[in-house]
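Each remark here refers to the structure printed beneath this line.
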RNA sequence: GGGCUUGUAGUCUAACGGUUAGGACAUUACCCUCACACGGUAAAGAAAGGAGUUCAAUUCUCCUCAGGCCCACCA
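The structure is reproduced here in structure tokens:
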């Protein structure tokens with residue numbers, strides 16, 4: 001029989017990928033059916049920032065999410081796999097400032113917002129092009145199946161949800177406004193987030209200042225870089241192991257110039273070998289002052305105002321800029337002979353990332369969400385989430401354990417969700433509107449005409465926005481249809497899966513847990529998949545400055561999505577460690593696609609016949625296939641796609657192609673076998689191929705669907721169910737000996753310099769005797 | 001500085017405390033064997049260092065070293 005393949009070209013050509021994708025889209029292949037009776041599997045995908053061109057890490061992790069979606073679909077779930085874009089907050093504002101050369105606080109709010117919107121519109125779709133090319137099977141609540149129908153976090157609908165959660169939390173009494181020390185830049189005149197703080201290396205003078213001990217009248221030396229804060233000095237600390245100062249425990253010190261008295265206490269924060277070993281804690285010189293005063297329950301005395309000037313607490317330095325106050329106070333201390341020494345030391349000063357101005361802690365009234373009181377409950381709820389990999393759970397717990405203050409919710413920014421509140425101008429009554437609408441209090445009137453308390457008619461709208469994580473931490477509610485069908489939402493919370501990077505465990509994951517606890521008293525998801533990072537070939541972090549950034553578009557263009565996908569899954573598991581990106585290895589992995597392609601070409605030459613009288617070789621490979629199916633199912637259930645891919649590859653290449661196909665080739669051609677035997681081979685070859693295509697479909701959706709269409713189905717392979725072994729053969733025990741026997745024969749022929757077709761005389765081992773007929777033909781055994 | 005985490009050939013990745021430490025990519029040699037030279041058959045190549053537990057350790061414990069991540073940070 002002459003070989004005639006149904007498929008002409010010798011390799012998989014990836015040009016066809018985009019056409020296939022468009023066809024899937026037209027057919028609405030992955031349409032989300034909210035009325036489906038199947039159990040729901042929802043994926044709370046991480047919306048990437050729109051302003052960054054999609055990074056190789058996005059390409060990789062979204063591909064894995066797509067594998068979750070596709071495998072769960074085949075396993076019988078109704079899958080909700082939305083795509084979102086994050087369009088709130090600081091990075092957007094910064095980009096707008098850069099592009100339009102404007103400064104946010106100097107631009108009218110309305111105008112600034114319009115500029116942000118304009119910029120986002122232009123950038124939005126470009127970000128999604130790579131996702132499309134990767135073949136992601138996203139779907140959405142509202143849109144049937146169209147990756148362009150993703151959700152945006154700055155959509156009025158989304159912001160409505162954010163505000164609704166705020167209102168609910170407010171009603172539960174979990175939100176309060178309080179005057180607390182906050183990072184503040186006096187040039188930008190705004191509170192700034194920790195993420196906006198930069199550090200500047202520099203020299204500064206460490207001043208050794210004399211204090212008096214009240215009880216003993218002795219002098220002690222305190223080293224400080226911030227003498228202008230003497231007026232706000234609240235306590236003096238020494239290390240518990242510091243023998244020099246043991247005697248000072250509980251005594252009182254008198255602050256020079258200002259004359260107020262403060263306690264002296266031992267505390268491990270004070271270091272033995274720094275300065276004099278005595279440290280004064282002021283309100284507030286840095287983060288640790290804030291932390292310590294809170295820990296020691298000491299009421300702060302603020303010395304600096306929001307305008308960056310010293311206030312009335314600074315006595316004669318009132319009204320001076322911080323720098324000037326420092327100069328003056330040092331002069332005064334010197335005149336009074338109260339400074340014994342000034343050392344020049346290196347230090348890192350926190351500065352505003354934008355103005356490079358030193359940051360001060362000033363008292364600002366901000367909104368807080370309670371969390372400190374609920375740490376144990378949060379841990380309990382977090383324990384209900386299964387982590388992949390399990391070790392990643394610790395990252396969340398470490399963070400929960402480090403929580404010491406409530407969550408500062410409000411920001412003095414423009415492009416974010418507004419805090420939905422109004423204040424009565426007459427009596428200061430706080431009006432909280434009813435949920436169900438998107439409110440913009442800075443430009444709208446409240447939905448009431450009169451103040452319920454004093455009948456006043458004038459209101460002031462709140463002008464602050466939320467921390468963007470306050471938006472993000474409701475993504476699970478958003479995707480589960482909270483806005484459109486509360487019953488559905490209630491029924492399906494917790495969401496099936498939260499996939500995300502480990503670097504945002506402390507905000508995105510944590511805050512979502514926090515809000516879900518407060519609002520629904522439930523864990524937000526069943527599973528959390530926490531990934532590490534893609535690094536370059538040498539294991540270095542990719543960064544623009546190093547010039548080692550890999551653009552996924554380049555890979556997609558050169559090798560295609562399928563090559564990228566099979567590489568991403570054969571290379572390793574990104575939940576267990578960083579993944580190195582190497583073009584060479586992508587090319588290497590893609591050889592498997594060619595192998596699969598050529599196996600298909602071979603099999604496609606034979607009819608897909610029905611046959612019940614299988615030979616023993618057929619039963620053997622089907623036994624192995626049965627083992628593979630079970631294994632892959634388990635791997636898919638546990639998101640171990642890498643393990644599954646390697647198992648499939650190993651089966652296809654090292655068992656099926658190398659041994660089974662070689663064994664039955666002559667039988668399939670009908671040389672020396674009867675028709676029944678020949679048909680048994682055809683039948684088995686097709687069963688295996690069909691099953692392998694189904695097993696691979698979630699990993700490599702293009703090539704499998706293409707082959708499926710050519711050989712088997714009118715309908716897509718992606719509508720198939722996960723395969724089951726409909727046979728019960730148990731011959732997998734033969735495998736090791738079979739491989740060994742074949743290897744030995746090949747080696748013998750090679751050693752004797754014989755062609756593989758040459759006749760040879762060997763003895764077939766006893767346990768393989770059932771395969772005798774195929775083996776004899778395979779090796780041309782006499 | 002504190003915490004978490006990881007160290008298997010040039011690279012990537014496996015293996016209940018007992019294996020000749022398996023496989024892949026790259027390398028080398030031989031082979032165009034009618035699905036595939038993006039293939040086949042072979043060859044060479046590995047446990048970071050040290051101590052302990054054990055009859056037995058790549059696997060468990062500790063220390064050192066080297067990465068990675070997170071947090072804090074010199075008053």
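In my numbering, the protein residues as written are 1 to 782. Just so you know, even glycine gets a beta-carbon here, dropped at the ideal spot from N, CA and C.
Is residue i buried or exposed, if buried means 16 or more other CB atoms sit within 10 Å of its CB?
i           : result
residue 470 : buried
residue 718 : buried
residue 274 : exposed
residue 794 : Because the chain spans 1 through 782 in this model, residue 794 falls outside it and cannot be assessed.
residue 235 : buried
residue 132 : buried
residue 678 : buried
residue 147 : Unreliable placement is indicated for residue 147, whose pLDDT of 43 sits below 50; the coordinate value is still reported in the next sentence. Flag for residue 147 reads buried.
residue 183 : buried
residue 285 : buried
residue 698 : buried
residue 336 : exposed
residue 565 : buried
residue 620 : buried
Output the distance between the C-alpha atoms of residue i and residue j, rounded to the nearest integer angstrom.
i           : j           : result
residue 667 : residue 681 : 7 angstroms
residue 390 : residue 578 : 16 angstroms
residue 231 : residue 271 : 23 angstroms
residue 558 : residue 486 : 46 angstroms
residue 626 : residue 724 : 8 angstroms
residue 157 : residue 438 : 7 angstroms
residue 614 : residue 523 : 52 angstroms
residue 323 : residue 304 : 12 angstroms
residue 421 : residue 176 : 13 angstroms
residue 44  : residue 604 : 40 angstroms
residue 450 : residue 253 : 55 angstroms
residue 349 : residue 482 : 45 angstroms
residue 28  : residue 140 : 11 angstroms
residue 414 : residue 480 : 28 angstroms
residue 347 : residue 503 : 27 angstroms
residue 617 : residue 726 : 17 angstroms
residue 8   : residue 436 : 59 angstroms
residue 144 : residue 24  : Caution is warranted here: a pLDDT of 45 is assigned to residue 144, below 50, making its placement in the model unreliable, and the coordinate value is therefore given only provisionally. Residue 144 and residue 24: Cα-Cα distance of roughly 12 angstroms.
residue 6   : residue 91  : 53 angstroms
residue 457 : residue 98  : 41 angstroms
residue 387 : residue 527 : 6 angstroms
If contacts are defined as beta-carbon pairs under 8 angstroms, then residue i and residue j qualify, I think. What distance do you get, rounded to the angstrom?
i           : j           : result
residue 550 : residue 642 : Not a contact, Cβ separation roughly 20 angstroms.
residue 174 : residue 370 : 5 angstroms
residue 276 : residue 208 : 6 angstroms
residue 453 : residue 424 : 7 angstroms
residue 512 : residue 88  : At roughly 15 angstroms, the Cβ-Cβ gap does not stay under 8 angstroms, so residue 512 and residue 88 are not in contact.
residue 289 : residue 281 : 5 angstroms
residue 761 : residue 782 : 5 angstroms
Residue i bridges to which residues according to DSSP?
i           : result
residue 408 : 368
residue 210 : 221
residue 181 : 363
residue 70  : In DSSP, residue 70 forms no bridge with anything.
residue 151 : 84
residue 253 : 213, 262
residue 529 : 388, 499
residue 280 : 236
residue 782 : DSSP output for residue 782 lists no bridge partner at all.
residue 573 : In DSSP, residue 573 forms no bridge with anything.
residue 343 : 206
residue 200 : 349
Can you check which of these residues, the options, is closest to residue i by C-alpha distance?
i           : options           : result
residue 169 : 214, 517, 227     : 517
residue 534 : 93, 572, 43, 519  : 572
residue 137 : 105, 20, 160      : 20
residue 181 : 302, 190, 312, 73 : 302
residue 135 : 72, 59, 653, 84   : 59
residue 737 : 107, 720, 767     : 767
residue 624 : 379, 77, 732      : 732
residue 295 : 338, 404, 83, 387 : 404
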